[in-house]
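The sequence shown lines up with residues -14 to 330 when you count with our numbering. Don't be surprised by glycine CBs; every beta carbon is placed ideally from N, CA and C.
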Amino acid sequence: MRHRSKPYPGLFAGLAAASILGACSGGLGTGAGGAASPTRLAERSADAGDFQTAATLYQQAFDQNPDSVEALVGLGRAYAGLGQFSRAEQALNEANRRRPRDPDVLLELARTQLGAGAPQAALANLDTALARRPKDIRLLTAKGIALDRLSRHTEAQVAYRAGLQRDPTDFALLSNLGLSLGLSGQPDEGIGILQELVRDPAATANTRGNLALVLGLAGREKEAQSVLSADLSGAEVRNNLAYYRELRGMLAKGKPIGSFESAPSRTRPAGQVMPAAAPIIAPTPDATLISEAPAAPATTGVASAATTEVASAATTTAGTDGFVAASGGVADPAPIVTSSSAGPQ
């Protein structure tokens, strides 16, 4: 049986990528009699990918405490998970107004902007956050994704490598770096990184999609076909290979490959990995954003990106492995092209 990752609404679209939302955070209190509070229940719903219920519960938490920045951030994350980026940004902008320059709030706002296809705005917020927390791996991962989407691949790779100095084995950083190298015309190094990652237990279809994409950019179509065949039908594999040829043609003409919105094909590649949602009150496990790649069009399938994969290897949403939606992070890892309609990660 073939597994198909759900696409994340946007980074490239990843991004989301991815893919996309990671672990949710907020107040961890309980109500009377030990019953879970709306915030705790909202976290659980978001962790399970039920963003509609999460949004309802975060709204209840906000109604109970209109001064809660955590509830606003939760609302932003939930609406982003539903692909309602304008609504998400309204909540997160208000959170940012109430708690200016908070790196965790700015990270969530930037992830939403990546999902909405606004990498320049996301980059500005990430730089502000990094001024206060320059070694934060989640911020560095998201910055790399934003730069990749702007076709500033060399700078993106500097951000990923800065994060790898902190954690040399971070799955999302490595996946996004591998994809970024391929997109910038350095496929051999990218292939080496991604070939190791696909053997990792944390690897997903997005991770394999990122490897196939970079193999395709190097003209190694038989190998790309073999990788894709693990997750896709014959027709879907052919669609991906045709897309890789289009991207190769762009590179040969010196055209940058960034957000993929300018790409000639109706399909998009796998995506980048996004870092897990930042905890605001209490730390939570990183989730894989398959966010590996940007959200894929109607012909695309996997998570974000390029879908985004979560930094610190978990599964993200909004999302993502790939460009920037791989598992863990380049801003939305890109989904693998399939025949199914794409949705938010």
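First and last residue of the uninterrupted alpha helix (DSSP H) at G234:
Start and end: 219 to 237.
For V212, which residues of its own chain have a beta-carbon under 7 Å away from its beta-carbon, when the five flanking residues on both sides are left out?
R193, L196, A197, L200
Practice item. Would you kindly report the start and end of the unbroken alpha helix (DSSP H) that includes G61? Key: 54 to 66
What's the gap between the Cα of A80 and the Cα of P88? 12 Å
Query raised in the report: How about P241 and S136: are their beta carbons less than 8 Å apart?
Result: yes
- Query: Where do the ends of the alpha helix (DSSP H) carrying Y161 lie?
  - Reply: For the sequence presented, residue 161 should be read as Asn rather than Tyr. Here the alpha helix (DSSP H) through N161 covers 156 to 168.
What does the alpha-carbon distance come out to for the pair N225 and Q49?
Cα-Cα distance, rounded: 49 Å.
- request: Report yes if the C-beta distance between L132 and E140 is below 8 Å; otherwise report no.
  value: yes
Is it right to say S30 is buried, meaning 16 or more other beta carbons lie within 10 angstroms of its own, or is it exposed?
-> Counting Cβ neighbours within 10 Å, S30 comes out buried, since at least 16 surround it.
- Hey, would you say A40 sits closer than 8 Å to L60, going by beta carbons? yes
Margin query: For a quick check, are the C-beta atoms of L111 and A95 less than 8 Å apart?
Written below: yes
Exercise for review: Find the nearest neighbour of L67 within the set K207, G100, P119, R82, judged by alpha-carbon distance.
Suggested key: G100
Requested in this report: Return helix, strand or coil for G194, following the three-state DSSP convention.
Outcome: helix
Self-check item: Through-space distance from F36 to L77, alpha-carbon basis
Solution: 16 Å
### Message
According to DSSP, simplified to helix, strand and coil, what is Q98?
### Response
helix
Quiz prompt | Contact check, I122 vs D155, beta carbons under 8 Å | solution = yes
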